[in-house]
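K.L.:
Per my numbering, the sequence shown runs over residues 14 to 650. C-beta atoms are modelled at their ideal positions from N, C-alpha and C, and glycine is treated no differently. Here the structure is a predicted model, which is why all the values come from computation and not from measurement.
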Amino acid sequence: MTYYLMQALVYLAAAVIAVPLAKRLGLGSVLGYLIAGVIIGPVAGLVGDETVTIQHFAEFGVVMMLFLVGLELQPKMLWEMRHRLLGLGGLQVLLTTLVFTGLGLVLEQPLSVSLAIGLIFSLSSTAIVLQTFNEKGLTKTEGGSNAFSVLLMQDIAVIPMLAFIPMLALPELLDAAQSVSSMDDHHHPELSLVAGLPTWAYTLVIIASIASVIVAGHFVSRPLFSYVAGSGLREIFVAMALLIVVGVAALMSLVGLSPALGTFLAGVVLANSEFRHELESNIEPFKGLLLGLFFITVGAGINFSVLSEHVSLIVLLTLAVIVGKAMVLWLLAVLFKIQGSNRWLFALSLAQAGEFGFVLLSFSVQNHVIPTDVMAILQLVVAISMFLTPLLFILYEKLVLPRFAATESNTAFDTIDEQGKVIIAGIGRFGQIVNRLLVANGVQTVVLDHEAAQVDNLRKINIKSFFGDATRPELLHTAGLEEASMVVVAIDNREAARTLVHYIKKTYPEIKVVARAFDKGHSYELMQSGADDTVNETYFSALELGGRVMKGLGVHPFLVEQKRKAFSKIEHDASAQLFKQWLEGSDGDRFSNDYQQLFIQMEEAIKTGMERDRIDRHETGERGWTPPPKDYANDFD
Numbered sequence: 014m015t016y017y018l019m020q021a022l023v024y025l026a027a028a029v030i031a032v033p034l035a036k037r038l039g040l041g042s043v044l045g046y047l048i049a050g051v052i053i054g055p056v057a058g059l060v061g062d063e064t065v066t067i068q069h070f071a072e073f074g075v076v077m078m079l080f081l082v083g084l085e086l087q088p089k090m091l092w093e094m095r096h097r098l099l100g101l102g103g104l105q106v107l108l109t110t111l112v113f114t115g116l117g118l119v120l121e122q123p124l125s126v127s128l129a130i131g132l133i134f135s136l137s138s139t140a141i142v143l144q145t146f147n148e149k150g151l152t153k154t155e156g157g158s159n160a161f162s163v164l165l166m167q168d169i170a171v172i173p174m175l176a177f178i179p180m181l182a183l184p185e186l187l188d189a190a191q192s193v194s195s196m197d198d199h200h201h202p203e204l205s206l207v208a209g210l211p212t213w214a215y216t217l218v219i220i221a222s223i224a225s226v227i228v229a230g231h232f233v234s235r236p237l238f239s240y241v242a243g244s245g246l247r248e249i250f251v252a253m254a255l256l257i258v259v260g261v262a263a264l265m266s267l268v269g270l271s272p273a274l275g276t277f278l279a280g281v282v283l284a285n286s287e288f289r290h291e292l293e294s295n296i297e298p299f300k301g302l303l304l305g306l307f308f309i310t311v312g313a314g315i316n317f318s319v320l321s322e323h324v325s326l327i328v329l330l331t332l333a334v335i336v337g338k339a340m341v342l343w344l345l346a347v348l349f350k351i352q353g354s355n356r357w358l359f360a361l362s363l364a365q366a367g368e369f370g371f372v373l374l375s376f377s378v379q380n381h382v383i384p385t386d387v388m389a390i391l392q393l394v395v396a397i398s399m400f401l402t403p404l405l406f407i408l409y410e411k412l413v414l415p416r417f418a419a420t421e422s423n424t425a426f427d428t429i430d431e432q433g434k435v436i437i438a439g440i441g442r443f444g445q446i447v448n449r450l451l452v453a454n455g456v457q458t459v460v461l462d463h464e465a466a467q468v469d470n471l472r473k474i475n476i477k478s479f480f481g482d483a484t485r486p487e488l489l490h491t492a493g494l495e496e497a498s499m500v501v502v503a504i505d506n507r508e509a510a511r512t513l514v515h516y517i518k519k520t521y522p523e524i525k526v527v528a529r530a531f532d533k534g535h536s537y538e539l540m541q542s543g544a545d546d547t548v549n550e551t552y553f554s555a556l557e558l559g560g561r562v563m564k565g566l567g568v569h570p571f572l573v574e575q576k577r578k579a580f581s582k583i584e585h586d587a588s589a590q591l592f593k594q595w596l597e598g599s600d601g602d603r604f605s606n607d608y609q610q611l612f613i614q615m616e617e618a619i620k621t622g623m624e625r626d627r628i629d630r631h632e633t634g635e636r637g638w639t640p641p642p643k644d645y646a647n648d649f650d
């Protein structure tokens with residue numbers, strides 16, 4: 014017992030330390046787990062041969078991952094994405110598989126091994142790429158959306174790959190494995206429902222098993238979920254979710270199919286269920302822990318002696334993978350008319366091998382397709398290519414994007430043929446409301462936004478706006494910055510908003526700048542840059558919601574408005590002191606103890622203000638909220 018507790022302690026400590034650090038460095042959680050495994054395995058020697066046994070258990074995380082992938086793939090969504098999925102994604106998997114199958118043949122590997130290698134390297138890292146897209150705001154770009162389609166197709170393609178790879182088994186590896194396993198059969202007999210069945214019966218059993226999963230998902234799952242949910246016990250619903258995944262995986266194993274195939278199918282069937290989100294929330298923690306454990310065991314199993322013995326081959330293969338995949342992706346980007354910097358983003362973001370490469374490698378060895386010595390080399394190639402992914406994104410940001418920014422902007426930005434008293438930079442959900450209010454009151458505005466699709470949508474509803482990057486000085490001047498009275502900064506980017514405010518106030522200090530802030534810290538940054546006024550995007554909506562809650566609790570509407578106004582006034586009066594204290598803090602510790610004490614004092618002042626007798630002690634500015642006289646309306650007849 015003590016031994017297992019110590020092993021668990023090592024694995025958990027490695028994950029807790031390495032993964033957050035890797036995410037802070039921009040490497041992603043998958044690389045964090047791999048690094049943790051390398052440290053506790055080859056480097057420190059804290060774990061040993063038991064990692065192979067643990068890896069077999071942790072591979073169930075892959076089964077859970079594919080169940081969750083299936084839950085996200087609603088048939089309607091798949092149909093809407095069919096052209097990019099089958100066209101762009103399907104061609105990427107096919108062409109990349111052919112390229113690396115050819116590379117395997119050049120390296121004198123058997124056709125079956127070469128084909129397995131091609132399938133393994135056709136996949137990219139979904140976890141790393143999507144996480145990086147989210148962190149860098151690239152998800153909604155043309156390159157990012159096309160890359161997502163390819164990643165989705167790759168995740169789907171894993172299912173037939175898992176079904177196909179066992180057919181590539183090498184006879185010599187299979188014979189050797191059978192001779193070893195025959196000695197252990199009396200200890201661990203293999204459970205199977207299809208052993209010894211003729212081909213036609215085996216086919217019928219497989220069809221019946223798949224049909225049972227589909228039928229049960231459609232007709233049995235709903236009453237069963239309702240029955241379990243009626244108990245009101247969350248742990249029973251968690252057990253129910255695990256029962257579905259384990260049960261379907263066990264059924265597929267008993268009929269000789271891949272467990273991942275069955276759980277993926279079950280996920281697709283349940284994608285339209287009203288219990289889908291509950292299933293996701295219950296399975297996600299188990300999936301994350303098991304996948305993390307799987308990647309740690311992969312890192313712990315990396316053989317550095319293999320790296321030192323074949324360093325030249327591994328480096329060349331890694332470069333071949335990245336360059337080869339990038340060339341295939343570039344060709345597809347040309348065929349599907351992905352333009353400019355988006356073409357580079359598409360090609361570079363998917364040029365690495367993926368986490369499913371480890372899964373397929375392990376699966377290939379278990380099914381006697383790839384020899385263990387070849388697997389050790391390929392495992393290092395997959396890991397190193399993933400380690401290099403952040404460098405590919407740095408290459409895109411530092412070299413590719415600046416080169417295309419000027420040319421793309423100059424050719425694509427609109428010609429601004431109007432000028433107005435107010436320039437609005439950013440016409441998203443926040444800027445739209447500001448613009449509509451001003452225009453409705455006869456204020457002439459000039460609206461700029463760097464999202465072409467957003468500008469087109471606004472033009473469809475007769476809101477005139479211009480496609481252009483407001484952070485570019487020449488566009489601001491074309492929009493009439495010199496003659497404008499005010500600039501509204503509503504850009505959905507913290508740093509860009511701060512830079513724009515600084516430029517305007519430094520160049521034209523007489524122009525008033527009102528800026529949207531994400532939070533109090535961002536508000537202070539904008540004020541430090543020169544903004545005349547800032548508004549936290551959630552402040553007034555939260556204040557309004559709080560007021561409605563009070564009204565719902567029975568507080569009189571006029572009293573609610575008085576208390577809201579008092580709350581806002583007290584916080585506004587205290588903001589100058591808070592900002593001053595924030596300025597005195599260091600960059601790394603703006604919210605110091607003194608700032609916290611001031612904030613606590615402000616909260617006490619608000620509480621005191623709320624407890625005042627509002628009937629006897631009205632303030633002059635609040636009298637607009639007292640009930641109007643009964644004959645108020647008759648005064649205007």
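Are the stretch 102 to 109 and the stretch 125 to 137 touching by the rule of at least three beta carbon pairs closer than 8 Å?
P.N.:
Flag = yes, the stretch 102 to 109 and the stretch 125 to 137 touch.
K.L.:
Just confirm the distance between the C-beta atoms of Thr547 and Leu556, as a whole number of angstroms; I'd bet it's less than 8 Å.
P.N.:
By 1-based counting over the sequence shown, the position of residue 547 is 534. By 1-based counting over the sequence shown, the position of residue 556 is 543. No, Thr547 and Leu556 are not in contact; Cβ-Cβ is about 16 Å, not under 8 Å.
K.L.:
Looking only at C-alpha atoms, which of Arg529, Asp532, Ala497, Arg511 sits nearest to Tyr655?
P.N.:
The chain is shown only over 14 to 650; residue 655 falls outside these bounds and no answer can be derived.
K.L.:
Give the secondary structure of Phe134 by DSSP, where H, G and I count as helix, E and B as strand, and everything else as coil.
P.N.:
Indexing the sequence shown from 1 puts residue 134 at position 121. It is helical.
K.L.:
Kindly indicate which three-state DSSP category Arg485 falls into: helix, strand or coil?
P.N.:
Against the sequence shown, residue 485 aligns to sequence position 472. In this structure, Arg485 counts as coil in the three-state DSSP scheme.
K.L.:
Exposed or buried, Ser321, counting other C-beta atoms within 10 Å across all chains shown (16 or more means buried)?
P.N.:
Looking up residue 321 in the sequence shown gives position 308. Classification for Ser321: exposed.
K.L.:
Looking at the secondary structure, which residues open and close the alpha helix (DSSP H) in which Ala176 lies?
P.N.:
The sequence position of residue 176 within the sequence shown is 163, counting from 1. Ala176 -> alpha helix (DSSP H) spans 155 to 177.
K.L.:
Taking the beta strand (DSSP E) that Asp546 falls in, what are its first and last residues?
P.N.:
Indexing the sequence shown from 1 puts residue 546 at position 533. Asp546 -> beta strand (DSSP E) spans 546 to 549.
K.L.:
Counting along the chain, where does the beta strand (DSSP E) carrying Ile524 start and finish?
P.N.:
Residue mapping note: residue 524 aligns to position 511 of the sequence shown, counting from 1. Note, Ile524: premise wrong, no beta strand (DSSP E); not H, not E.
K.L.:
Using alpha carbons as the reference points, say which of Arg507, Leu210, Arg289, Ile397 lies closest to Asn316.
P.N.:
Here residue 316 corresponds to residue number 303 of the sequence shown, with the count starting at 1. Residue Ile397 is the option with its Cα nearest to Asn316.
K.L.:
Report yes if the C-beta distance between Ile524 and Leu513 is below 8 Å; otherwise report no.
P.N.:
Counting from one through the sequence shown, the residue named residue 524 turns up at place 511. Counting from one through the sequence shown, the residue named residue 513 turns up at place 500. Contact: no.
K.L.:
Short of 7 Å in beta carbon distance, which residues of its chain neighbour Val268, apart from the five on each side in sequence? Order them along the chain.
P.N.:
Locating residue 268 in the sequence shown gives position 255, where the first residue counts as 1. Leu206, Val207, Val218, Ile219, Ser222, listed in sequence order.
K.L.:
Using alpha carbons as the reference points, say which of Gly54, His515, Leu558, Phe553 lies closest to Gln541.
P.N.:
The residue labelled residue 541 in the question sits at position 528 within the sequence shown. Of the candidates Gly54, His515, Leu558, Phe553, the one whose C-alpha sits nearest the C-alpha of Gln541 is His515.
K.L.:
Drop a sphere of 10 angstroms on the beta-carbon of Arg356, count the other beta-carbons inside from all chains shown, and report buried for 16 or more, exposed for fewer.
P.N.:
Residue mapping note: residue 356 aligns to position 343 of the sequence shown, counting from 1. With 16 or more other Cβ atoms within 10 Å, it is buried.
K.L.:
Since Trp343 and Ala360 are thought to touch, with beta carbons under 8 Å apart, how far apart are those beta carbons, to the nearest angstrom?
P.N.:
In the sequence shown, residue 343 corresponds to position 330, counting from 1. In the sequence shown, residue 360 corresponds to position 347, counting from 1. Rounded, the Cβ-Cβ distance is 4 Å, consistent with contact.
K.L.:
Could you give the residue range of the beta strand (DSSP E) that holds Val502?
P.N.:
The sequence position of residue 502 within the sequence shown is 489, counting from 1. 499 to 502 is the extent of the beta strand (DSSP E) around Val502.
K.L.:
Is it right to say Glu155 is buried, meaning 16 or more other beta carbons lie within 10 angstroms of its own, or is it exposed?
P.N.:
The sequence position of residue 155 within the sequence shown is 142, counting from 1. Under this definition Glu155 is a buried residue.
K.L.:
Determine, using beta-carbon pairs with one atom in the stretch 441 to 454 and one in the stretch 479 to 498, whether at least three such pairs fall under 8 Å.
P.N.:
Result no; under three Cβ-Cβ pairs closer than 8 Å.
K.L.:
With Ile436 as the anchor, note down where its beta strand (DSSP E) starts and where it stops.
P.N.:
Here the question's residue 436 lines up with position 423 in the sequence shown. It spans 435 to 438 - the beta strand (DSSP E) in which Ile436 sits, taken as one unbroken run.
K.L.:
Are there 16 or more other CB atoms within 10 angstroms of the CB of Ser42, so buried, or fewer, so exposed?
P.N.:
Taking the first residue of the sequence shown as 1, we reach residue 42 at position 29. Ser42 comes out buried.
K.L.:
Go ahead and label Gln392 buried or exposed: buried means 16 or more other beta carbons lie within 10 angstroms of its beta carbon, across all protein chains shown.
P.N.:
Sequence index remark: in the sequence shown, residue 392 carries index 379 (1-based). Gln392 comes out buried.
K.L.:
Whose C-beta lies closer than 7 Å to the C-beta of Arg627 among residues of the same chain, with five residues either side of it excluded?
P.N.:
Locating residue 627 in the sequence shown gives position 614, where the first residue counts as 1. Because the pLDDT at Arg627 is just 47, under 50, the model does not fix this residue reliably, and the point stays unresolved.
K.L.:
According to DSSP, simplified to helix, strand and coil, what is Ala492?
P.N.:
Here residue 492 corresponds to residue number 479 of the sequence shown, with the count starting at 1. Three-state DSSP puts Ala492 in coil, outside helix and strand.
K.L.:
Going by C-alpha distance, which of Ser325, Pro403, Leu358 is nearest Met340?
P.N.:
Along the sequence shown, read from residue 1 onward, the residue named residue 340 stands at position 327. Per the Cα distances, Leu358.
K.L.:
Nearest-angstrom Cα distance between His585 and Gly337?
P.N.:
By 1-based counting over the sequence shown, the position of residue 585 is 572. By 1-based counting over the sequence shown, the position of residue 337 is 324. If I take the Cα positions, the gap works out to 59 Å.
K.L.:
Distance, Cα to Cα, Ala4 vs Val228?
P.N.:
The question about residue 4 has no answer here: the residues shown for the chain are numbered 14 through 650.
K.L.:
From the DSSP output, in three-state form, read off Val456 for me.
P.N.:
Residue numbering aside, residue 456 sits at position 443 when the sequence shown is read from its first letter. Val456 falls in the coil class under three-state DSSP.
K.L.:
If we count Cβ pairs, one from each stretch, closer than 8 Å, do we get three or more for the stretch 322 to 330 versus the stretch 42 to 58?
P.N.:
No: the two stretches stay apart, fewer than three of their Cβ pairs being nearer than 8 Å.
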